[in-house]
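Protein chains in written order, with this note's numbering: chain A, 1169 to 1523; chain B, 1169 to 1523. By construction, the Cβ of each residue, glycine as well, lies at the ideal position given by its N, Cα and C atoms. Since this is a predicted model, take the numbers as computed values, not measurements.
Below, the structure is given as structure tokens:
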């Protein structure tokens, strides 16, 4: 399936996000900020810092905020199904908070001191406070979701939405656990890896489209179609993320080329190479991944092996395949042409983004 | 208010828990175990270990299980208000899981390697897995609570219960954050300290009685009375805990006398002493609490100061005061005599327990 030409306007400027993001971003930003506007114990300061709104001292700053992919998808799915945006905002906020909660804890688990060119919460405030900050964000997600009823969502639908989010969150955490379990194991196959990311990354993206649709419509078939679209977009997102983690440009990603190789991070390129290269390259790859830490030379060797096996090209083809599946999933769903166009623009962006 | 004589039968044997615990324990144990019976990624193994059911290798063991105070209070409040126990079980499980989740993360934050004579989760499996294990338990609490609707609880009531639990959980985490913020600060007053524990410890105990009552009855006045009773029991529990942390017998508590002094843990005895001792003792106390680490001699000095200021006696009197308030809170509530007797037995136990 060729890349549809309709979305080019959305991505003509490399620094501009696709239209779907732009359309909802003010609304999402406002909802996120008002939810984190005050607290009694000053733990929200850390959260506002993490969201990119203030610096380490609590002063307003202009750090790049996240793209808010999950809230965007949630609002889109609600609107595409004829629902009220106001009713989907609580779920959108909940999704973004759960995502950020998981990143705050992830940074602790991985001992990552930097994310998006900024120091991570534990690096600034220490592990105990960072664990708590993550947990607070997680509860605020629950509170946000519960506010749905105040927006006129029926109680049954609110309970369904709660159950969907809980399920997605459990899948996500179990995926994180699989990710930790895979660390340092050279025998993780491509299917193992894809299974892990479908939970770790896919669950929340899938849930975003699913929950938005459920808020917007009673049509279970449509909700399922959006859910399937989300599963595929999750793969597109993570595989591209993994490609950027190995071959991304430092200026865009904040990480040097080969960063994920050096850290021996579980990543599609390496899982694929482990399953597909043979002979001498396989031996060298396995030997290098058994080492405690890697030198520049080791990283260069791995990059050579990946190049020879055309791993980058394969990864991109797989991401394209899932992009196609994402669009196909909504093939039978009634969708205004401009919304379908937006979805295509978003899918293309996830496939080709540089940061 | 003198200690009522009616509960003596409950506590005649020091190794026997009061009747309220004994009456619900089988039911609670069964519900907890069935909720943690299987998972796809083996993270539940860590949770079953933490609950005391299996050893580090996953083999069944006979470690002492927790008393399940919060689930017990929840079931009691439901039953006392004429509700169905089956309908309160999901909330009871959720409360116990949230409590244990918080302990797993607390152990990470405090770098505690032992709890109740067993290695903590992070000490056995490392911080990353322990963070995840705690998060999983937290989600299972949500899932448990959501199963309430399947037990015939109305959707409105289920949403109310969810909101109560979320609120309590947020208070608890904010209390943990205050606790971390207070560390190493000699200026924490008794009211500061009581404010902190009313959140950190009180929130979940208060919620246990509140949520049980809400499941059992539409009577908002009764639910409020149970809530107030829980607030007071929370103080009783934590003040006694703090007394045991300083003067507890090693065999019962697993910690040497003065353990919480040595660790400079925020604790009622120290907060009280900081606010009430004067002159030379105040100076010595402040100096010692400014040190990086304490010697046996320092601990002995602090214990002497606490003795001279009769801190232990004062703490116990304060706990008795809150025990009285707990019973008074239910003074106007219609309650079968044997249930009131049980509550008195429980309150007395919390006041006088040795572990």
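| message | Contact criterion: CB-CB distance below 9 Å. Does residue 1389 of chain B meet it with respect to chain A? | response | no
| Comparing alpha-carbon positions, which option in A:1224, A:1249, A:1355 and A:1256 lies nearest residue 1503 of chain A? | A:1249
| What is the C-beta distance between residue 1430 of chain B and residue 1467 of chain B, in whole angstroms, given that I count them as a contact (C-beta under 8 Å)? | 5 Å
| Closer than 9 Å, CB to CB, is residue 1337 of chain B near chain A or not? | yes
| task | In the DSSP assignment, find the alpha helix (DSSP H) that holds residue 1203 of chain B and state where it starts and stops. | result | 1187-1203
| query | What does a CB cutoff of less than 6 Å around residue 1177 of chain A pick up in its chain, not counting 5 residues either side in sequence? | reply | Because the pLDDT at residue 1177 of chain A is just 36, under 50, the model does not fix this residue reliably, and the value given afterwards should be weighed accordingly. Answer for residue 1177 of chain A: no residue qualifies.
| Counting contacts by CB-CB distance shorter than 9 Å, is residue 1522 of chain B in contact with chain A? | no
| query | Is the beta carbon of residue 1265 of chain B sitting closer than 9 Å to the one on residue 1334 of chain B? | reply | no
| query | Just curious, the alpha helix (DSSP H) that residue 1414 of chain B is in, first and last residue? | reply | 1388-1415
| field | 9 Å Cβ cutoff met for residue 1454 of chain B and residue 1354 of chain B | value | yes
| query | Around the Cβ of residue 1339 of chain A, are there at least 16 other Cβ atoms within 10 angstroms (buried) or fewer (exposed)? | reply | buried
| request: Using a Cβ cut-off of 9 Å (strictly closer), state whether residue 1345 of chain A contacts chain B. | output: yes
| task | Kindly provide the ranges of any alpha helix (DSSP H) runs that are 4 or more residues long and lie completely inside the region 1219-1286 of chain A, ordered along the chain. | result | 1237-1248 and 1253-1278
| said: Residues of chain B with CB closer than 8 Å to the CB of residue 1406 of chain A, please, in chain order. | reply: What residue 1406 of chain A touches in chain B: nothing, since even the nearest Cβ is about 18 Å away.
| task | Output the boundary residues of the alpha helix (DSSP H) element that contains residue 1339 of chain A. | result | 1323-1350
| said: At the level of alpha carbons, what is the spacing between residue 1434 of chain B and residue 1398 of chain A? | reply: 47 Å
| query | At which residues does the alpha helix (DSSP H) containing residue 1522 of chain B begin and terminate? | reply | Looking at the DSSP string, residue 1522 of chain B is not in any alpha helix (DSSP H), and its letter there is neither H nor E.
| Which residues bound the alpha helix (DSSP H) around residue 1184 of chain B? | Element bounds for residue 1184 of chain B: n/a, residue is neither H nor E.
| query | In chain B, which residues lie with their C-beta within 9 Å of the C-beta of residue 1489 of chain A? | reply | Going along chain B, no residue has its Cβ under 9 Å from residue 1489 of chain A, so there is no contact; the nearest lies around 26 Å.
| request: May I ask which residues mark the beginning and end of the alpha helix (DSSP H) holding residue 1465 of chain B? | output: 1464-1476
| request: Can you give me the Cβ contacts of residue 1174 of chain A inside the same chain, cut-off strictly under 7 Å, excluding the 5 residues immediately before and after it? | output: Reliability fails at residue 1174 of chain A, whose pLDDT of 40 lies under 50, so the model's placement of it is uncertain and no value is given.
| Any residues in the region 1203-1222 of chain B with a beta carbon nearer than 9 Å to a beta carbon of chain A? Which ones, in chain order? | 1207, 1208, 1209, 1210 and 1211
| Is there a Cβ from chain A that is less than 9 Å from the Cβ of residue 1311 of chain B? | yes
| Do we get a CB-CB distance below 9 Å when we pair residue 1349 of chain B with the residues of chain A? | yes
| query | Excluding five sequence neighbours on each side, which residues of the same chain lie with their C-beta closer than 6 Å to the C-beta of residue 1172 of chain A? | reply | Note on residue 1172 of chain A: pLDDT 43, under 50, position unreliable in the model; no value is reported.
| task | List the whole-angstrom C-beta distance separating residue 1341 of chain A from residue 1473 of chain B, where the pair is believed to meet the contact cut-off of C-beta under 8 Å. | result | About 46 Å; that fails the 8 Å criterion.
| query | Since residue 1346 of chain A and residue 1238 of chain A are thought to touch, with beta carbons under 8 Å apart, how far apart are those beta carbons, to the nearest angstrom? | reply | Going by Cβ atoms, the distance from residue 1346 of chain A to residue 1238 of chain A rounds to 20 Å, so no, they are not a contact pair.
| said: Going by C-alpha to C-alpha distance, which of A:1184, A:1522 and A:1456 sits closest to residue 1154 of chain A? | reply: Residue 1154 of chain A lies beyond the stretch modelled for chain A, which goes from 1169 to 1523, so this question has no answer here.
| task | Can you give me the start and stop residues for the alpha helix (DSSP H) that residue 1319 of chain A sits inside? | result | Taken as a continuous stretch (DSSP letters only), residue 1319 of chain A belongs to no alpha helix (DSSP H), as it is neither H nor E.
| What is the DSSP secondary structure of residue 1481 of chain B, reduced to helix, strand or coil? | helix
| Does the separation of the CB atoms of residue 1217 of chain A and residue 1305 of chain A fall below 9 Å? | no
| residue 1378 of chain B - containing alpha helix (DSSP H), residue span | 1370-1384
| query | Considering residue 1443 of chain B, what are the terminal residues of the alpha helix (DSSP H) in which it resides? | reply | 1436-1444
| Out of curiosity, what's the CA-to-CA distance linking residue 1448 of chain A and residue 1464 of chain A? | 20 Å
| message | Taking CB distances under 9 Å as the criterion, tell me whether residue 1319 of chain A reaches chain B. | response | no
| query | Can you find at least 3 beta carbon pairs, one from the region 1187-1202 of chain A and one from the region 1314-1331 of chain B, that sit closer than 8 Å? | reply | no
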